[in-house]
DNA sequence: GGTTAAACGTGATAAAAATCTCATAACGCC
DNA sequence: GGCGTTATGAGATTTTTATCACGTTTAACC
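Chains as they are written, first to last, in my numbering: chain A, 4 to 214; chain B, 4 to 214.
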């Protein structure tokens, strides 16, 4: 059973947990397994088996000798620790290509996230629908967040305006920002920012391609 | 001057170099600086000044006491090491939302990457234009790669078909894959894969939001 | 039931990454 | 030109992350 260990989990661990979870979900979908061993997971995901056991240990999972771990229990523990079962609502700021792509991606729901509103500055976009959400004017942003108690903002705007928008949503009560903008944001210490910079990937690609 | 050090640079270093480069490019755009100190960069990007100097040292940059580093020289060295000045062509596989977003992003050119063709399975999309490229049938994929000597494939297809597509493009000569699919790909050792999994970000977001 | 093989849990170890400390060098000022 | 200030560069240290090694547990098999 997942016991609540108060020690904060590190980012690398969270990401690995996510990968275990995804693999378990889809592999059980293909062929339901009752149990799984750390070696199987390690093999499939190209990590060390010890790593898997350590990570599982960190979220309170214990396996059985000779058998391994119960798949459904592992999934449950990860869902619990990562908070996938608690629904939370996010607003999407910026209805450009990337914003639309994110809004259209319907896989978020299974991780608890629901995108409930989309905002953009472009008058031509306002009123149009993006993945079921009517695009609203930026003026509506702050009131909306206040009213619906939104805690997550997903940012896909041009870099120039991102800091200003962040200040606004933070002052409205947002506690986490998923930043797809190539900008380092300044926020109060109680606000969490996750940066997602695709262009970082280019550094590695270009480097390996040119070598 | 950027001297060619044969030691392979690690991923973290490459990514930081990219961040330095981006910041330097845009900050010189705002207000041209002739020189910059490691402390200034560190301050702006929230890293340790020593780290900056170490990274610079790794690409052969030397600074001057009391002055710092010459901006244009730093930029040049990073461009050189990361290979931004060598143009390379990539094909985009999958013209969905994310694919369109990537194709439309015109920032890649300044890092050397040009997306020269787009492929999709969906008959309704074939022939339509995505960011200036006519979407082609998947059947044309392999011949195209062969003919134009393409070395990079950007993958934004559904997870189920990604491995099969990878096998095809690799057999056609592709040497690097930028994978936006939530799948671990198997490739020969001489092919480089960079995985870009947005859903990993969700693990951290959900965790922090729920805590 | 006892034996064996397979998998776990964990403390020790190694590797990698980040940070600290400080001697050295260069510019600006008098 | 000498002196103080400031930034670099490199070695030492710490922290984090990953891997190894091994004793323990548990199901399967005779």
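Ideal Cβ placement from N, Cα and C applies to all residues, glycine included.
Asked	Found
Length of the line joining the Cα atoms of residue 7/A and residue 60/A	At residue 7/A the pLDDT is 44, less than 50, meaning the model places this residue with poor confidence; the figure from the coordinates comes in the next sentence. Answer to the nearest angstrom: the Cα atoms are 11 Å apart.
Three-state secondary structure assigned by DSSP to residue 122/A	strand
Alpha helix (DSSP H) runs contained entirely in the segment 101-181 of chain B, provided each spans 4 or more residues	144-151 and 162-174
Per-residue burial, residue 100/A [other beta carbons within 10 Å of its own, 16 or more giving buried]	buried
Where residue 214/A sits in the DSSP three-state scheme	coil
Proximal chain A residues relative to residue 14/B, where beta-carbon distance stays under 7 Å	207
Straight-line Cα distance separating residue 58/B from residue 71/B	14 Å
Rounded separation between residue 148/A and residue 85/A - CA only	24 Å
Residue 68/A, enclosing beta strand (DSSP E) - first and last residue	That residue, residue 68/A, is in no beta strand (DSSP E); it is neither H nor E in DSSP.
heavy atom of the ligand NAD below 7 Å from residue 131/A C-beta	The ligand NAD is absent from the structure shown, which contains no ligands of any kind.
For residue 189/B, three-class secondary structure by DSSP	coil
Any C-beta of chain B under 8 Å from that of residue 151/A	no
Counted within 10 angstroms of its Cβ, other Cβ atoms place residue 128/B as buried (16 or more) or exposed	buried
Residue 156/B and residue 138/B closer than 8 Å at C-beta	no
Residues that residue 73/A bridges to, as DSSP identifies them	38/A
Where the segment 109-129 of chain B meets chain A: residues whose CB sits under 9 Å from a CB there	110, 111, 114, 115 and 116
Rounded separation between residue 24/B and residue 202/A - CA only	11 Å
Straight-line gap, residue 209/A to residue 12/A (C-alpha atoms, nearest Å)	32 Å
Chain A contacts made by the segment 25-41 of chain B, where a contact means CB separation under 9 Å	25, 26 and 29
Alpha carbon of residue 43/A to alpha carbon of residue 198/B, nearest angstrom	21 Å
Delimiting residues of the beta strand (DSSP E) encompassing residue 196/A	195-198
Beta-carbon spacing of residue 207/A, residue 14/B below 8 Å	yes
Counted within 10 angstroms of its Cβ, other Cβ atoms place residue 4/B as buried (16 or more) or exposed	Caution applies to residue 4/B, whose pLDDT of 40 falls short of 50 and renders its modelled position unreliable; the value that the coordinates give is listed next. Exposed.
Sufficient close CB pairs (3 or more, under 8 Å) joining the segment 165-181 of chain B to the segment 185-192 of chain A	no
Bridge-paired residues (DSSP) for residue 93/B	118/B and 155/B
Interface residues of chain A facing residue 199/B [CB-CB closer than 8 Å]	201 and 204
Within 8 Å, strictly: CB atoms of residue 104/A and residue 122/A	no
Distance CB(residue 41/B)-CB(residue 56/B) smaller than 8 Å	yes
Contact list for residue 213/B against chain A, beta-carbon separation under 7 Å	86 and 89
Residue from 83/A, 94/A, 46/A and 54/A with nearest C-alpha to residue 178/A	94/A
Residues that residue 155/A contacts on chain B, provided the C-beta gap is smaller than 7 Å	208 and 212
Exposure label - residue 189/B; buried when at least 16 CB within 10 Å	exposed
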